[in-house]
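Be aware that the first sequence starts at 45, since it is given in my numbering, and climbs by one per residue.
Remarks on the structure that follows.
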Amino acid sequence: MPTELPKSYDPAFIEAEADRVWMEERLFHADPATAGEPYSIVIPPPNVTGALHLGHAINTTLQDILVRVHRMRRFNTLWIPGIDHAGIATQAVVEKQLKEKENKTRHDVGREGLVERIWAWKQQYGDRIVAQLKRLGCSCDWDRTRFTLDDMCARAVRETFFKLFKDGLIYRGKRLVNWDTFLQTSISDDEIYHETVKTSLWHIRYPIEDKLTTENTENTENTEKSTEKKEKKSASEEGRASDSSSVSSVGSVVNSASRPTHMVVATTRPETMLGDTAVAVHSEDPRWNWAIGKFVRLPLTDRLIPIIADDILVDPKFGTGVVKVTPAHDPNDYAVWQRHKGQPDEIDLINILLPDGRLVEDARWKAYAGMKRDAARLKVVEDLKAAGLLEKEEPYETQVGHSDRSKTPIEPYLSDQWFVKMAPLAEPALEVVREGIIKFYPSRFANTFLDWLGEKRDWPISRQLWWGHRIPVWTNRVGYEAGYKATYGSKPDGLAVVEHRSLLTVAEAAGRIAISRTELQEFICVRDESDSEITEYLLNWGYEQDPDVLDTWFSSALWPHSTLGWPDKTPDLEKWYPTSVLVTSRDIITLWVARMVMTGMYNMGKREGEAPAERVLSEGDAARREPRTPKPPHPHPLPGGEGIRGRSRAEASRLGIPFMDVHIHATILDGKGERMSKTKGNGVDPVDVISTHGADALRFTLTQMATETQDAKMRVQLVCPHCGHQFDNPEGKAPTVACPACKKIITRPMSNATGTPDAPLARATSDRFDVGKHFCNKIWQVSLHFVMANLEKIAAEDVDEMKWSLADRWIVSRFNRTLEIANGALESYRFDQYAKACYDFFWGDFCDWYVEASKPALRDSRRAGQTAAVLAGVLDGALRLMHPMIPFITEVLWWQLNKVRPQRGLPGRIECPPSERLIKATWPAVGSFSEAAEFLFPKIQEIVATLRNIRNQYNVSPKQPVTVSIQAPGDASRTLGENRELIELLASCKIKDILPALPEMKNAFHTTAAGCDLYVEDLVDPEAEKKVNAKRCDDLKKQIAALRGRLSNEAYTSKAPAHLVQQTKDQLTDAEAEAAKLGC
RNA sequence: GGGCGCGUAACUCAACGGCUAGAGUGCAACCCUUACAAGGUUGAAGUUGCUGGUUCGAAUCCAGUCGUGCCCACCA
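Right, here's the structure in full:
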């Protein structure tokens, strides 16, 4: 470090210095062998797709605060950083780039080629993210940086998949995916945008037939199995239908003569009727419930499909009350199919589309086979018209989902996917949150978790992508024989097949593979990626690895234990799992938090014997259980050495839960109240803010904004790269704008914009961060140029509290009070309160009052020594207190303080054990208070404020001292007398007398403060006096009236707490006394 | 449609059911006072969205209502 620190606050210098030392001395590095209770956090891994924005900045700042506090509290603290590979988003970005730069598709470069390119891209952008985190001051253990697609995570993924597969929790099933018929791939929900499309709503007649005709025409159905089912079904439905008509309410029985002969359904996609397998009505709709169990003849196909009841799908008040059901091509209808599956009224599922959007070749709709969707739609409508089955066609506007990538309409498309069964995994996860073993802060977010997980919807985990963890399942898609023949040139004989089977059995028993079979296929999950013996063998037998990859959340779900080395029993895992807290934003409670709890418990839970993952809470648990909604604690100290929480770590460890607390923090919004995101282009790069305000200012401001309920809105401004002018970011999405000051063109910092020589890239920032910058400046100035400058001049002497002034005792007590508030705030994740406590203390108490009070004392050789000691002790404590929030400035000031005054500390009040580096210093302990000083000093503040007020009212020049006499009751006059000099300095006045009784003061301005009479000489102006005092009198009168009213209310005096009643009485006495003095 | 929030000074936000509802910014006046003009002192600024209820007492709790935001499900 250079010997000379810059005179003015220079964040860039400070950040570089502190960062260099922290890195050189590896002070973020954690070692499991070190002593201390474990404290650990895993970072929510940012997506590698883009640069970080302020949302990430608040998230990581809060984590860093917790990490640094615990490091100072002597926990063995680890913060693991990392990045998420972000499946589809990343692949899409690279594919887009490929198209733009080389005009190639992914098929041109092939699977390996594409993945290689994505890795290269990842390297660049991953490094950028890490660099951003470092600039923010995140004290992550960079040696442990993980990536969700690195080898370590891959092993955990592989092992988890294998376990789930073996336990029968992974299965193959059909699912409706969002299918892009142009790119022929499924896409995620996030990549769909909805567009309003003008189309028609077609009303189609479906003729009703009863059961008799059914059996005659059933032959048109193709599979023998379904005929069999249908007959059974029809019979049972018949029973049910008659049941319902006899049971249901008035109006359900309709005269059969009036019954219609057809049903009318409305649709915007008429071609899908070819895949209809039912029509649904509401079971209590009197218009239709008589028809449940009967059939309709599906036009154009001549198929009979059942009329079923589905009260979830059908809203009887909407439209005709009849809904066509096309399970293979509509998500709601698919849900109907699922609901009725295995029930007596089970229905079929018919796919009519090919991956390219043409209609499947099928005897049932020969006329349309091979046609494109839109052509088929036209022809279906035409044919219905011709058949007289089109009731009407009306214009209609609807929202149609489009693929963001091909801009073509999405088709819901049925395909084979892998799923994880949720029920067995979800139940234990629900339990630990219900029981408060995992706690949410704020607590209301537990509901989000519970509601979502409570649905236990199976989790589709396969994605038709190339970027991700490939599904480790090999399938004999082509049958053994063909594959075997392709490899060995002949069909396998019986012996070979038997040998093959037994080899598989042996491998399965050895835990190398797991097998599941359907009638048509065999699925083999290979446990170890490096087990090439098995995989080569399988390939030779004609097995193929599933081409899909896993949902990116599958690897994220394992993050807390995979990053610590699981499945190995590493020292890291032993030491730091479960992690202490998860800090994240509310939008991924379901996608991420819930899944981490499930997989954590599944992989890490210690099951005794055969006991299932579910557990029964013991009595001990119940005793330890705390109320679900704890009130934010008022100042109280952190519990001693047993962690920031009182819950048992051992229990959490046994259950395998990934973290004990979940803190959901506020969301950062732009000036319009919209969430910051890359695609919207309203994200602000924290590094830009660091360049304009400094990292500490950024962190302080974000901490202050981290309230419990309110999201943080901030107006975004651009900094012109030409002239430095700062102006509001104009609305709209134009990539460039003109600077209002110099009129030159600049590029807006949107997504990955880089700017051009003509239009350089602007920085985005916000004047909301001024608070932090001003605060840091204040800290710098007072610490370096006042406190330390004085400490250099004044020799250290032993602390002797007997020599302390009122102000000395007061500031030390205030420090401890602040520390107590900060501890309570941090314990309940109320970061805003922590920031406010620091700010109020440092600026409001220390700078505004104590520093001023110390000035006369520092000039007095008898008092200078003690005052210097108090200044040093308080500054020491304050730097420790604020370091987690604003680490750079406090660290650099700390070094200087060490030089200037290496030994400091106020025994029993503020202990200051020395430390070379602040990051390694201890967190202060709450020392004892001075109640008397905290009572008396504010009286002086009040008198000073009143005198200042009078000066301003009278427009007295600051250079012109006024003469003041104070009449104060006995004790008070002694205290005031001791602080005469202080009052004189702060109020710029000259005090003549401070006495219990003053002679009559005729030529003086009279007012009151803190129960004393103040007389300001030479300011005699009855009008002005009246004006100044009139307002005070008004207030007093109102107050007296209110207090009297309260006391005369018997309900109040009898029901309100005694201390409040007493307080009211005291206030009344004081107010009346003051009113009397002022002659109100 | 379901769920969760929010509505307090011109702006951004605080405020365990209990002192005259606070702070920062902005605004006004005065001050380059020997740490700091990125500063200091003082001041103005509020029917706590609206209506009703519970209570000795409501910004706070309850009901309704209007406005607004987010998440989820989305209409044949």
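Idealized CB from N, CA, C, for every residue including glycine.
Quick one: measure Cβ to Cβ for residue i and residue j, integer angstroms, because I've assumed they're closer than 8 angstroms.
i: H605; j: A200; result: 7 angstroms
i: G80; j: N120; result: 4 angstroms
i: T747; j: F890; result: About 19 angstroms separates the two Cβ atoms, so there is no contact after all.
i: I102; j: S624; result: Their Cβ separation, rounded to whole angstroms, is 19 angstroms, which puts I102 and S624 out of contact at 8 angstroms.
i: V380; j: V323; result: Contact flag wrong, Cβ pair sits at about 11 angstroms.
i: R807; j: V763; result: 4 angstroms
i: R341; j: E253; result: 5 angstroms
In whole angstroms, what separates the C-alpha of residue i from that of residue j?
i: P28; j: L1026; result: This structure cannot settle anything about residue 28, because the visible part of the chain is limited to 45 through 1124.
i: P304; j: R383; result: 28 angstroms
i: Q589; j: R545; result: 19 angstroms
i: A310; j: P350; result: 17 angstroms
i: K1082; j: D1110; result: 16 angstroms
i: S898; j: T911; result: 7 angstroms
i: P622; j: Y83; result: 9 angstroms
i: A839; j: D1062; result: 43 angstroms
i: L608; j: D152; result: 39 angstroms
i: A977; j: Q770; result: 46 angstroms
i: M642; j: A470; result: 6 angstroms
i: T78; j: R115; result: 12 angstroms
i: D75; j: W123; result: 11 angstroms
Quick one: residues in its chain with C-beta nearer than 7 angstroms to the C-beta of residue i, no 5 flanking neighbours on either side, listed in chain order?
i: F981; result: L850, A851, W854
i: R172; result: A95
i: W938; result: L923, L962
i: R639; result: W597, A601
i: V1000; result: V1006
Here's a check: name, in chain order, each residue in its chain whose Cβ is nearer than 8 angstroms to the Cβ of residue i, leaving out the five neighbours to either side.
i: S230; result: V221, N222, W223, D224, Y457, S459, R507, Q508
i: P1040; result: Q1011, A1012, P1013, G1014, S1017
i: T492; result: R630, I633, T634
i: A655; result: Confidence at A655 is low in this model, with a pLDDT of 39, below 50, so the placement of that residue should be treated as unreliable; the coordinate-derived value is given next. Cβ within range, chain order: n/a, list empty.
i: F489; result: R630, I633, V706, I708
Taking Cβ to Cβ, would you say residue i is nearer than 8 angstroms to residue j?
i: V464; j: W503; result: yes
i: E986; j: A1054; result: yes
i: S574; j: F567; result: no
i: G181; j: P951; result: no
i: T736; j: G816; result: no
i: D392; j: T321; result: yes
i: G99; j: I712; result: yes
i: V944; j: F859; result: no
i: T1051; j: L1042; result: no
i: V570; j: I557; result: yes
i: S972; j: R953; result: yes
i: L344; j: V404; result: no
i: I701; j: T628; result: no
Leaving out five residues before and five after residue i in sequence, what residues of the same chain have Cβ atoms less than 6 angstroms from its Cβ?
i: P50; result: F57
i: P125; result: I87, C184, T189
i: H326; result: D355, V358, P360
i: V831; result: L915, L919
With DSSP run on the structure shown, which of helix, strand or coil describes residue i?
i: N376; result: helix
i: R961; result: coil
i: P439; result: strand
i: P350; result: strand
i: T579; result: helix
i: D1110; result: helix
i: Q1004; result: coil
i: V476; result: helix
i: D1062; result: coil
i: S84; result: strand
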